[in-house]
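Worksheet: one structure, shown below.
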Amino acid sequence: MTVATAARGEERARTGWLLSAPLLLFTAFMFLYPAISVIRTSVAGREEVNAGGFTLSHYTDFFTDELYLKALSNTLLIAVLTVLITGVLGLVYAYQLTMRPGLRQLQLALLLTPLLVNGVVRIFGLQLGLISVNDLLMWANLVDSPLGLNYSFTGIVIALVMFQFPFMAMAVYASLSRLDTTLVEAAQTLGAGRMSVLARVVFPLAVPGLVAGGVLTFAAAAGTFIVPAMMGGGRVNTVPQMIYTSVSQSQLWATASAFAVILVVVLVVPIMVGTHFGNRDTAGVR
Amino acid sequence: MTATLDAPAARRRPRRRERQKISVFTLVITVLLLLPLVVVALAAVNPEPYLLFPPEDFSLHWFSAALDYPSFRTSLVLSLRIALIVVVVGLLITVPAAVAVTRGTGRVRRSVQLAMATPLVTPDILLALGLLIMLTQLSMSNSLVGLVLGHVLVGLPIALQVLVAGLAGIDPNLEHAAATLGASRIRAFLAVTLPNMLPAIGSAALFLFIFSFDNVSISLFLSAPGQTTLPITLFQYLENNADPTVAAMSTILVIVGVAVALLLGRLGGLGQLAGGGRRRR
Amino acid sequence: MATTLSRRGLLSLGVGIGAGTLLAACGGEDSPEAANTRIVARCWGGVWETALQKICPGFTEATGVEVLNDPGSDTVPLLQQKPGQYDLAWLIGNEAARGLTSDVLEPIDTSRIEKWDSIVTRLSDGQTKDGKVSGVPISYTASGILYKTDKVPFKITSWEDLWRPELKGQVALQNAPSIGGLFLIFTGARIFGSGPTDYEAGWKALERLKDNVQFLFNTSTDGVNKLAAGSVAAVVTIADQGIPLKSRGVETVVPAEGSTWSVQNVTIPAASTRKDQAYEFINYMLKDETQVEWAREGKAAPASTTVTLPSEVSANLVETPQIAQSLWPIDWYEFGQNITEWTTRWQRIFGS
Numbered sequence: 001m002t003v004a005t006a007a008r009g010e011e012r013a014r015t016g017w018l019l020s021a022p023l024l025l026f027t028a029f030m031f032l033y034p035a036i037s038v039i040r041t042s043v044a045g046r047e048e049v050n051a052g053g054f055t056l057s058h059y060t061d062f063f064t065d066e067l068y069l070k071a072l073s074n075t076l077l078i079a080v081l082t083v084l085i086t087g088v089l090g091l092v093y094a095y096q097l098t099m100r101p102g103l104r105q106l107q108l109a110l111l112l113t114p115l116l117v118n119g120v121v122r123i124f125g126l127q128l129g130l131i132s133v134n135d136l137l138m139w140a141n142l143v144d145s146p147l148g149l150n151y152s153f154t155g156i157v158i159a160l161v162m163f164q165f166p167f168m169a170m171a172v173y174a175s176l177s178r179l180d181t182t183l184v185e186a187a188q189t190l191g192a193g194r195m196s197v198l199a200r201v202v203f204p205l206a207v208p209g210l211v212a213g214g215v216l217t218f219a220a221a222a223g224t225f226i227v228p229a230m231m232g233g234g235r236v237n238t239v240p241q242m243i244y245t246s247v248s249q250s251q252l253w254a255t256a257s258a259f260a261v262i263l264v265v266v267l268v269v270p271i272m273v274g275t276h277f278g279n280r281d282t283a284g285v286r
Numbered sequence: 001m002t003a004t005l006d007a008p009a010a011r012r013r014p015r016r017r018e019r020q021k022i023s024v025f026t027l028v029i030t031v032l033l034l035l036p037l038v039v040v041a042l043a044a045v046n047p048e049p050y051l052l053f054p055p056e057d058f059s060l061h062w063f064s065a066a067l068d069y070p071s072f073r074t075s076l077v078l079s080l081r082i083a084l085i086v087v088v089v090g091l092l093i094t095v096p097a098a099v100a101v102t103r104g105t106g107r108v109r110r111s112v113q114l115a116m117a118t119p120l121v122t123p124d125i126l127l128a129l130g131l132l133i134m135l136t137q138l139s140m141s142n143s144l145v146g147l148v149l150g151h152v153l154v155g156l157p158i159a160l161q162v163l164v165a166g167l168a169g170i171d172p173n174l175e176h177a178a179a180t181l182g183a184s185r186i187r188a189f190l191a192v193t194l195p196n197m198l199p200a201i202g203s204a205a206l207f208l209f210i211f212s213f214d215n216v217s218i219s220l221f222l223s224a225p226g227q228t229t230l231p232i233t234l235f236q237y238l239e240n241n242a243d244p245t246v247a248a249m250s251t252i253l254v255i256v257g258v259a260v261a262l263l264l265g266r267l268g269g270l271g272q273l274a275g276g277g278r279r280r281r
Numbered sequence: 001m002a003t004t005l006s007r008r009g010l011l012s013l014g015v016g017i018g019a020g021t022l023l024a025a026c027g028g029e030d031s032p033e034a035a036n037t038r039i040v041a042r043c044w045g046g047v048w049e050t051a052l053q054k055i056c057p058g059f060t061e062a063t064g065v066e067v068l069n070d071p072g073s074d075t076v077p078l079l080q081q082k083p084g085q086y087d088l089a090w091l092i093g094n095e096a097a098r099g100l101t102s103d104v105l106e107p108i109d110t111s112r113i114e115k116w117d118s119i120v121t122r123l124s125d126g127q128t129k130d131g132k133v134s135g136v137p138i139s140y141t142a143s144g145i146l147y148k149t150d151k152v153p154f155k156i157t158s159w160e161d162l163w164r165p166e167l168k169g170q171v172a173l174q175n176a177p178s179i180g181g182l183f184l185i186f187t188g189a190r191i192f193g194s195g196p197t198d199y200e201a202g203w204k205a206l207e208r209l210k211d212n213v214q215f216l217f218n219t220s221t222d223g224v225n226k227l228a229a230g231s232v233a234a235v236v237t238i239a240d241q242g243i244p245l246k247s248r249g250v251e252t253v254v255p256a257e258g259s260t261w262s263v264q265n266v267t268i269p270a271a272s273t274r275k276d277q278a279y280e281f282i283n284y285m286l287k288d289e290t291q292v293e294w295a296r297e298g299k300a301a302p303a304s305t306t307v308t309l310p311s312e313v314s315a316n317l318v319e320t321p322q323i324a325q326s327l328w329p330i331d332w333y334e335f336g337q338n339i340t341e342w343t344t345r346w347q348r349i350f351g352s
């Protein structure tokens with residue numbers, strides 16, 4: 001019995017490696033080289049790509065300058081807020097759509113529609129919309145001066161939540177496909193409170209989707225350049241903006257690379273922790 | 001759990017009425033998410049050469065301008081072509097890997113997830129730069145191959161996530177059962193698991209398509225002269241012209257996109273999107 | 001064993017299909033042929049590309065050389081990393097200067113430019129440093145203040161007016177590292193400092209301007225669109241952008257004390273293998289007829305002083321001969337060298 005199990009386990013491992021080989025090889029080929037060249041450049045003595053020499057000054061510059069540290073904390077705060085808000089909204093959305101699937105096809109189609117439109121165009125639409133919202137509120141005498149919806153921290157989070165919501169909602173919705181709606185209804189008829197059903201039945205099922213969507217949202221929110229640049233109106237500095245400006249106008253490849261390495265390292269930690277918890281749950285099912 | 005194998009149609013019928021229930025919450029969210037697009041579409045019908053909302057007049061002038069602008073047409077065709085190739089290549093890589101992640105050992109899973117996490121968080125512009133250096137050394141920087149590979153790389157994480165989430169909902173015991181009944185593992189997979197995976201594959205394909213179709217940073221560095229993709233063309237136009245031609249073009253894309261999505265829905269694709277639709281009882 | 005084999009078979013089939021699709025879809029589209037009958041140009045998109053599409057056929061007819069225009073941004077980093085790909089590149093002043101100092105660009109041999117002497121001297125001087133020329137100016141645009149007359153309670157005539165307290169939270173500037181906003185260092189130096197290079201005074205002025213700034217825009221058309229929407233009262237940007245907004249009560253001012261400007265240069269990458277054709281193209285762009293066409297389509301003022309614009313073209317441009325005279329000198333080399341440090345300082349002031 002144990003021998004057979006061991007043999008099966010070995011075969012499973014072999015098949016697993018074989019099946020994941022294309023992806024692992026592709027990523028190794030496509031990512032490792034760029035990654036190594038970025039890391040190498042980040043400690044280069046001069047600002048050119050793959051230039052010789054060695055210095056850690058780009059790293060020390062980052063960690064000794066309040067401008068960059070503030071940018072890093074802005075980036076993380078934006079990402080965390082975006083994940084939390086999309087997570088809550090995405091969970092409710094997916095649960096509601098699972099329990100009340102009327103017009104499901106249309107709603108799912110419409111959910112993905114914004115993704116067809118270039119981000120910059122959507123931001124223009126959003127900004128004009130927010131201006132009209134302010135005009136409307138002022139006209140109705142609900143506020144005295146325009147709310148800081150555009151060109152602020154709030155604006156960045158609003159835009160990121162809207163942009164990332166479809167991914168989060170789809171991921172959670174996929175996880176909830178295992179939810180037995182009759183079970184939920186039965187539990188509710190038997191007097192279980194709405195909250196306890198949500199907490200005990202729905203939430204555990206949603207965790208893998210929340211984690212998957214959360215990782216994507218977190219990475220996208222922390223890595224985006226254009227959303228903070230446009231929605232922040234230059235008022236909120238983030239690390240990707242710093243990276244972009246150092247490359248596009250000044251060709252400071254070493255500085256940009258060092259900043260990128262810092263950003264990646266800072267982001268990978270919460271992502272690995274997140275997937276770790278996600279794994280524990282997915283691995284347990286079945 | 002095994003009940004999924006028999007046709008659920010009979011059971012579905014009495015619940016029909018309940019299935020029609022529409023959630024107000026999801027509708028509100030849908031409308032909110034669509035508002036920026038509505039603004040864009042309305043700004044596109046204003047005849048003045050700048051974006052204005054709400055519009056003060058009606059004209060389809062910018063729509064014909066968008067369709068007449070030759071660069072939009074050529075780059076749209078190019079973008080569609082690239083996106084389709086990216087879908088094929090991306091699925092060939094991610095579907096087996098997704099099976100490995102859900103069915104394989106912990107070590108396989110961890111390696112794949114690590115392999116996916118890093119490109120996900122690396123800022124696009126530096127990923128693009130690294131790829132450019134590599135492809136230049138391989139003298140591939142002037143061909144579409146580099147662009148396609150770059151797009152596949154950025155689309156992989158989400159495609160894999162969607163597939164894994166979808167697969168997690170499929171009972172591996174079904175496959176085992178089929179295998180015990182004499183089918184080879186591969187046949188058991190093709191006959192039992194793969195059909196159940198189709199919805200997830202569909203949505204993975206959709207995401208791969210969208211990620212490629214909407215990518216700016218990778219395309220900026222990896223496209224060769226004369227191979228400008230649509231997002232770059234739109235962005236360049238927007239950077240240099242204030243008029244609503246880009247808004248009109250975006251509106252056209254949305255209309256076509258929704259039409260295609262609804263058509264797919266008719267054909268039975270979209271309702272099962274996001275995986276597991278088949279298993280919903 | 002049989003299962004492993006078929007699994008492997010499936011895998012190789014998959015890889016085969018993938019590679020096949022790739023080859024089928026990408027084949028035959030490789031790099032432009034090496035023939036000297038075609039040059040590859042990096043240009044800007046939108047109006048510029050449209051203008052080039054109208055102009056280039058004439059060039060091909062006259063010289064037999066085709067031009068492949070490749071629109072996109074971030075040209076200097078691209079030229080640096082993809083040597084040999086482009087035969088000419090359209091660059092603004094500081095990019096051209098930076099390209100030359102980093103050896104990405106070839107110094108222009110002005111003896112090969114037939115109309116070099118007829119170029120507005122402010123423009124050609126700006127690209128020249130120690131006798132080396134980074135690019136050939138083809139056209140330029142003056143910076144100006146665009147403002148909504150119903151939202152600004154006074155008539156704006158001078159750059160100094162931007163600092164008036166009535167404009168609190170009502171001004172939009174272009175974000176750094178784009179030059180449209182950084183220009184205000186020069187402006188501040190001239191107005192509040194001891195002279196054109198008193199940059200410290202310029203920075204002090206920017207710090208004081210912060211209260212008036214509502215937002216900084218990264219897409220150059222974003223400013224005018226918000227002006228049209230009425231959410232901002234005054235925008236500092238390319239003055240010509242204001243002309244279509246006149247019907248919405250937008251006044252365009254290029255102050256009489258002078259102004260900063262942006263220039264559209266053609267440059268030649270050092271790694272280009274078709275430099276002769278590139279020079280031919282530059283000479284073609286400076287011809288009077290081409291300059292008129294370029295001004296009409298690109299909505300930018302011609303760099304050549306020998307051109308007389310027809311009234312329907314000049315109606316779309318604010319750059320009168322008087323304004324050409326009042327342009328402030330700009331040393332693009334100095335600007336290019338300072339831009340990194342200036343951008344960081346700018347982000348410290350406006351960002352949080």
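Protein chains in written order, with UniProt numbering: chain A, 1 to 286; chain B, 1 to 281; chain C, 1 to 352. Just so you know, even glycine gets a beta-carbon here, dropped at the ideal spot from N, CA and C. From a predicted model like this one, the values you see are computed outputs, not experimental measurements.
- Against chain C, the CB of B:GLY146 has no partner CB under 7 Å away; the residue lies outside that interface.
- For C:TRP203 and A:PHE31, the gap between their C-alpha atoms comes out near 42 Å.
- At a cut-off of 7 Å between C-beta atoms, A:ILE243 counts as an interface residue with respect to chain B.
- Per the coordinates, the alpha-carbon of C:VAL67 lies some 28 Å from the alpha-carbon of B:MET134.
- Linking A:LEU149 to C:ARG38 through their CA atoms gives a straight-line distance of about 50 Å.
- C:VAL307 is not a Cβ neighbour of C:LEU88, given a cutoff of 7 Å.
- Selection B:LEU34, B:ALA159, B:ALA248 evaluated against A:LEU115 yields B:LEU34 as nearest (Cα-Cα).
- Close to B:GLN236, with beta-carbon spacing below 8 Å, are these residues of chain C in chain order: TRP44, GLY45, GLY46, GLU49, PRO71, GLY72, SER73.
- If you draw a straight line from the Cα of A:ILE271 to the Cα of B:ARG103, it comes to about 22 Å.
- By the Cβ neighbour-count rule, C:TRP294 is buried, with 16 or more other Cβ atoms within 10 Å of its own.
- Taking a C-beta cut-off of 8 Å against chain A, the contacting residues of the stretch 205-223 of chain C are GLN214, PHE215, LEU216, PHE217, ASN218, THR219, ASP222, listed in chain order.
- Taking the Cα of A:LEU76 as reference, the smallest distance to any Cα among A:GLY233, A:GLY223, A:SER257 is reached at A:GLY223.
- Distance from the CA atom of A:GLN105 to the CA atom of A:ARG194, rounded to whole angstroms, is 26 Å.
- When DSSP states are grouped into helix, strand and coil, C:LYS204 belongs to the helix group.
- From the beta-carbon of B:PHE53, the residues of chain A found nearer than 9 Å are GLY125, LEU128, GLY129, ILE131, SER132.
- For the stretch 27-49 of chain B, the residues whose beta carbon sits under 7 Å from a beta carbon of chain A are, in order, ILE29, THR30, LEU33, LEU34, LEU35, PRO36, LEU37, VAL39, VAL40, ALA43.
- By the neighbour-count criterion, in which a residue is buried when 16 or more other Cβ atoms sit within 10 angstroms of its Cβ, A:HIS276 is exposed.
- Assignment of C:ARG164 by DSSP, reduced to helix, strand and coil, places it in the coil class.
- C:ALA176 is positioned such that its CB atom lies closer than 7 Å to that of C:TRP346.
- At least one CB of chain C lies nearer than 7 Å to the CB of B:GLY226.
- Any Cβ of chain A closer than 7 Å to the Cβ of C:PHE350 would place that residue at the interface, and such an atom is present.
- Taken in chain order, the complete beta strand (DSSP E) segments of 3 or more residues contained in the stretch 41-108 of chain A number zero; there are none.
- Listed along chain C, the residues sitting closer than 7 Å to B:ALA242 by beta-carbon distance are THR221, VAL224, ASN225, GLN241.
- Annotated three-state conformation of C:LEU91 is strand, per DSSP.
- Here the alpha carbon of B:PHE25 sits roughly 10 Å from the alpha carbon of A:LEU89.
- Contact check for B:ALA97 against B:VAL112 passes: the beta carbons are separated by less than 7 Å.
- Cβ contact annotation for A:VAL215 (same chain, cutoff 6 Å, sequence separation greater than five): ILE271, GLY274, in chain order.
- For C:ALA51, the uninterrupted alpha helix (DSSP H) run begins and ends at 47-63, by DSSP.
- Only residues of its own chain outside the window of five on either side were considered, and among them ALA258 have a CB closer than 6 Å to the CB of A:TYR59, listed in chain order.
- DSSP places C:LYS132 within a strand segment (E or B) once states are collapsed to three.
- Put simply, of B:LEU230, B:ASP57, B:LEU131 the residue whose alpha carbon is nearest the alpha carbon of B:VAL77 is B:LEU230.
- Per DSSP, the beta bridge partners of C:THR267 are C:ALA89.
- Closest in alpha carbon position to A:THR86, among A:MET168, A:LEU67, A:VAL265, is A:MET168.
- Scanning chain A for C-beta atoms nearer than 7 Å to the C-beta of B:PRO123 yields GLY223, PRO240, ILE243, ALA260, LEU263, reported in chain order.
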